[in-house]
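What follows is one structure encoded as structure tokens, with my remarks underneath.
In our numbering, the protein residues as written are 3 to 158.
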């Protein structure tokens, strides 16, 4: 990977500003650790999230597809933006988006409204604009889910 000498690494808050997903479909509140090989993010599932209305009435549980999306937003989108920032000028980063390509997940515990999860991801590989990461989601230091997520950076 060619690194531009005039490009400074993005801060976690700058990465959050560039992420294309926005409320109500952004599942990252904070990035607490970030480098070219790993990232840690946090998200609190609010009790008024729209998907809780039907999943399941009276006993809401966060759908696995939403947990997967949260893991992909941290482990592919946010980490991918940071990695891309090493080779692209900051003013061009918004011209890129990430298309989710695949995942393989295992779920161990449910996530309920008002719980804050920590998502940790480590880069497996990044080449030809494709990023694959191993991701793990924790609630209070207990493993909730783990697997791999992958996506491809595409210039719009």
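In this text, a Cβ means the ideal position worked out from N, Cα and C, and glycines have one as well. Note that the structure is predicted; figures quoted are calculated from it, not measured.
State the DSSP-derived secondary structure class of residue i, mapped to helix, strand or coil.
| i | result |
| --- | --- |
| residue 23 | coil |
| residue 56 | coil |
| residue 8 | Note that residue 8 has pLDDT 49, beneath the 50 cutoff, so the model's placement of it is unreliable and the number below is only indicative. Coil, per DSSP. |
| residue 48 | coil |
| residue 144 | strand |
| residue 128 | strand |
| residue 96 | helix |
| residue 33 | strand |
| residue 113 | coil |
| residue 3 | Low confidence applies to residue 3: its pLDDT is 48, below 50, so where it sits in the model is not reliable enough to give any reading. |
Residue j and residue i - do their beta-carbons sit closer together than 9 Å?
| i | j | result |
| --- | --- | --- |
| residue 148 | residue 134 | no |
| residue 119 | residue 44 | yes |
| residue 97 | residue 158 | yes |
| residue 125 | residue 154 | no |
| residue 123 | residue 95 | no |
Whole-angstrom Cβ separation of residue i and residue j, contact assumed at under 8 Å?
| i | j | result |
| --- | --- | --- |
| residue 111 | residue 78 | With 8 Å as the limit, residue 111 and residue 78 do not qualify as a contact, their Cβ atoms being about 23 Å apart. |
Would you mind sorting residue i into buried or exposed? The rule is 16 or more other CB atoms within 10 Å of its CB.
| i | result |
| --- | --- |
| residue 27 | exposed |
| residue 75 | buried |
| residue 6 | Low confidence applies here, because residue 6 scores a pLDDT of 47, under 50, leaving its location unreliable and the question unanswered by this model. |
Check the DSSP bridge columns for residue i and list the partner residues they point to.
| i | result |
| --- | --- |
| residue 150 | 106 and 136 |
| residue 2 | Residue 2 lies beyond the range of the chain shown here (3 to 158); nothing can be said about it. |
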